[in-house]
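Take a look at the structure set out below.
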Amino acid sequence: FQQVYGFGGVGMVVEVLTDKITRSIADIRNVVKDCGAKLADPGSVTFRFRQARVVNIKVTDADKDQLLSVALDAGADDVIEPNFDDEDDSEEEVLERFYKIVTTSENYPVVLSKLQEEGLKFETDNGYELLPLNPIEVDDEAMELNKDLVFKLLELDDVDAVYTDQK
Numbered sequence: 001f002q003q004v005y006g007f008g009g010v011g012m013v014v015e016v017l018t019d020k021i022t023r024s025i026a027d028i029r030n031v032v033k034d035c036g037a038k039l040a041d042p043g044s045v046t047f048r049f050r051q052a053r054v055v056n057i058k059v060t061d062a063d064k065d066q067l068l069s070v071a072l073d074a075g076a077d078d079v080i081e082p083n084f085d086d087e088d089d090s091e092e093e094v095l096e097r098f099y100k101i102v103t104t105s106e107n108y109p110v111v112l113s114k115l116q117e118e119g120l121k122f123e124t125d126n127g128y129e130l131l132p133l134n135p136i137e138v139d140d141e142a143m144e145l146n147k148d149l150v151f152k153l154l155e156l157d158d159v160d161a162v163y164t165d166q167k
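Start counting the sequence shown at 1; every next residue gets the next number (full-length UniProt numbering).
Here is the structure:
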């Protein structure tokens, strides 16, 4: 993991999959510097997150009430709804959003089994994600700068995921 301080007090954790770590760190450093953000010291951002098992379900594949009922009955910790507030998003972009069912490693197989029983389709490449403990609300300018930074980081070949504690 590489850790980054974004804009408006936002922390980011960049997950990297590579056999050339020095090159990857240099690439990340360049993007962070070009965007005006800062690399953070090890451990200075990760404490803001918790690791959880997550099941992603496309909004078009589930009824919200049914999903909540099934997930919580199966022992899930939480169901995170996608953000539908962005007026700039097209209908296609809205339909590509996902509900996130958050659970522990112990309950993960039970949740998957219950979802299958109920006939709900879910992404099979689910695993661990870092979820923010206390999401941070930022102004519009910081939000746009952070979105741009995340986008540019995700364009790097070795970056697998970017987790942020921005609301």
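Just so it is clear, CB atoms sit at the ideal spot from N, CA and C, and this is done for glycine as well.
For clarity, every value in this text was computed on a predicted model and none was experimentally measured.
Quick one: is PHE151 buried, meaning 16 or more other Cβ sit within 10 Å of its Cβ, or exposed?
Along the sequence shown, one-based indexing puts residue 151 at 151. Label assigned to PHE151: exposed.
For PHE7, which of ASP34, ILE28, LYS38, THR46 has the nearest alpha-carbon?
Translated into the one-based positions of the sequence shown, residue 7 becomes position 7. Comparing Cα-Cα distances from PHE7 to each of ASP34, ILE28, LYS38, THR46, the minimum goes to LYS38.
Please name the residue, chosen from ASP19, GLN2, TYR128, that lies closest to MET12 on a Cα-to-Cα basis.
Taking the sequence shown and counting its residues from 1, the one referred to as residue 12 is at position 12. Among ASP19, GLN2, TYR128, the Cα nearest to that of MET12 is on GLN2.
Rounded to the nearest angstrom, what separates SER69 and GLU81 at their Cα positions?
As a working mapping, residue 69 is identified with position 69 in the sequence shown. As a working mapping, residue 81 is identified with position 81 in the sequence shown. Approximately 14 Å, taken between the alpha carbons.
ASP41, buried or exposed, once every other Cβ within 10 Å from all chains shown has been counted against 16
For this step, residue 41 is matched to residue 41 along the sequence shown. With fewer than 16 other Cβ atoms within 10 Å, it is exposed.
Note the first and the last residue of the continuous alpha helix (DSSP H) segment covering LYS147.
As a first step, residue 147 must be located in the sequence shown, where it is residue number 147. From DSSP, the alpha helix (DSSP H) with LYS147 extends over 140-154.
What separation, rounded to the nearest whole angstrom, lies between the Cα atoms of LEU130 and ASP34?
Start at 1 with the first residue of the sequence shown, and residue 130 comes out as number 130. Start at 1 with the first residue of the sequence shown, and residue 34 comes out as number 34. LEU130 and ASP34: Cα-Cα distance of roughly 25 Å.
GLN66 versus VAL31: straight-line alpha-carbon distance, rounded
Working through the sequence shown from its first residue, we reach residue 66 at position 66. Working through the sequence shown from its first residue, we reach residue 31 at position 31. C-alpha separation (whole angstroms): 42 Å.
List the whole-angstrom C-beta distance separating GLU137 from LYS167, where the pair is believed to meet the contact cut-off of C-beta under 8 Å.
Here residue 137 refers to the residue found at position 137 when the sequence shown is read from its first residue. Here residue 167 refers to the residue found at position 167 when the sequence shown is read from its first residue. Indeed they touch by this definition, with Cβ atoms about 5 Å apart.
Looking at the structure shown, is LEU72 part of a helix, part of a strand, or coil, going by DSSP?
As a first step, residue 72 must be located in the sequence shown, where it is residue number 72. Three-state DSSP puts LEU72 in a helix.
For THR18, the three-state DSSP class (helix, strand or coil):
Within the sequence shown, the letter at position 18 stands for residue 18. Note: THR18 maps to coil in three-state DSSP.
On a CA-only basis, which of GLU106, ILE25, THR18 is nearest VAL4? Give me that one, please.
On the sequence shown, position 4 is the one that residue 4 refers to. When each option's Cα is compared against that of VAL4, the closest is ILE25.
Is DSSP giving ARG23 helix, strand or coil here?
As a first step, residue 23 is located in the sequence shown; it is residue number 23 there, counting from the start. Residue state, collapsed to three classes: helix.
Mind checking whether LEU115 and ASP27 have CB atoms under 9 Å apart?
Here residue 115 refers to the residue found at position 115 when the sequence shown is read from its first residue. Here residue 27 refers to the residue found at position 27 when the sequence shown is read from its first residue. No.
Should PHE98 go down as buried or exposed, given a rule of 16 or more other Cβ atoms within 10 Å for buried?
Taking the first residue of the sequence shown as 1, we reach residue 98 at position 98. When all chains shown are included, PHE98 counts as buried.
From LYS64 to LYS20, what does the alpha carbon distance come to, in whole angstroms?
The residue labelled residue 64 in the question sits at position 64 within the sequence shown. The residue labelled residue 20 in the question sits at position 20 within the sequence shown. Taking the straight line joining both Cα atoms gives about 43 Å.
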